[in-house]
Amino acid sequence: MPESILKKIEEEMIVAMKGKKEVELSTLRMMKTAIKNAEIAKRPEKLTEDDEMKVLKSEVKKHQDSIDLFQKGNRPDLVKKEEEELKIVKKYLPQDLGDDELKKIIQNVLKKLGDDTQNFGKVMGAVMKEVAGKADGNRVAELLKKIVQSSK
Numbered sequence: 020m021p022e023s024i025l026k027k028i029e030e031e032m033i034v035a036m037k038g039k040k041e042v043e044l045s046t047l048r049m050m051k052t053a054i055k056n057a058e059i060a061k062r063p064e065k066l067t068e069d070d071e072m073k074v075l076k077s078e079v080k081k082h083q084d085s086i087d088l089f090q091k092g093n094r095p096d097l098v099k100k101e102e103e104e105l106k107i108v109k110k111y112l113p114q115d116l117g118d119d120e121l122k123k124i125i126q127n128v129l130k131k132l133g134d135d136t137q138n139f140g141k142v143m144g145a146v147m148k149e150v151a152g153k154a155d156g157n158r159v160a161e162l163l164k165k166i167v168q169s170s171k
């Protein structure tokens, strides 16, 4: 059975404590807390690895939003801190699909659905099921729009 993300985080926390890596330690603690909170909210059921991934993806989104806000607020110090934390959180997520792989998936879904470019929502839903957490929804939507427009 594969090791859970929470276990990996706890092991990395020990390493970070021993190495006196403050930013990494605080980020790992934040991640652990977020997963534990999700676990409490889901009781009596256990969290699956997919649930843990969803929690970490929401943390990534929070960090990206913070980076945007801090850039608008002209706070380069906080932008740098958020970017460091974001890099740590992303280590625990699967690698995103490349544009070429994503285009192939979108084109395959379009073929399956009979090139139903009029029903964007249906196509988008089918593509998101295929990529299942390996690509950001905004990126998928952007690429799908480009493919649909170029096929007209």
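Per the numbering used here, the very first residue in the sequence shown carries number 20; after that it's consecutive. Glycine is no exception: its CB is placed at the ideal position from the N, C-alpha and C atoms.
Glu-101 places its beta carbon less than 8 Å from that of Ile-86.
Here Arg-94 carries a coil assignment [DSSP, helix/strand/coil]. A distance below 6 Å between beta-carbons, with the five flanking residues on each side excluded, links Arg-62 to no residue of its chain. Its Cα nearest to that of Lys-148, the residue Ile-124 stands out among Ile-124, Ile-166, Gln-137, Ser-77.
Per DSSP, the unbroken alpha helix (DSSP H) holding Glu-29 starts and ends at 24-37. Each of Arg-158, Gly-140, Thr-46, Lys-37 was checked against the Cα of Lys-81, and the nearest Cα belongs to Thr-46.
Residues Asp-118, Leu-121, Lys-122, Ile-125 of the same chain have their beta carbon placed closer than 8 Å to that of Leu-162, with the five preceding and five following residues left out of the count.
Only residues of its own chain outside the window of five on either side were considered, and among them Val-79, His-82, Gln-83, Ile-86 have a CB closer than 8 Å to the CB of Leu-105, listed in chain order. Take the alpha-carbon of Val-108 and the one of Gly-144: they are about 26 Å apart. In the DSSP assignment, Arg-158 falls within the alpha helix (DSSP H) that extends over 156-169.
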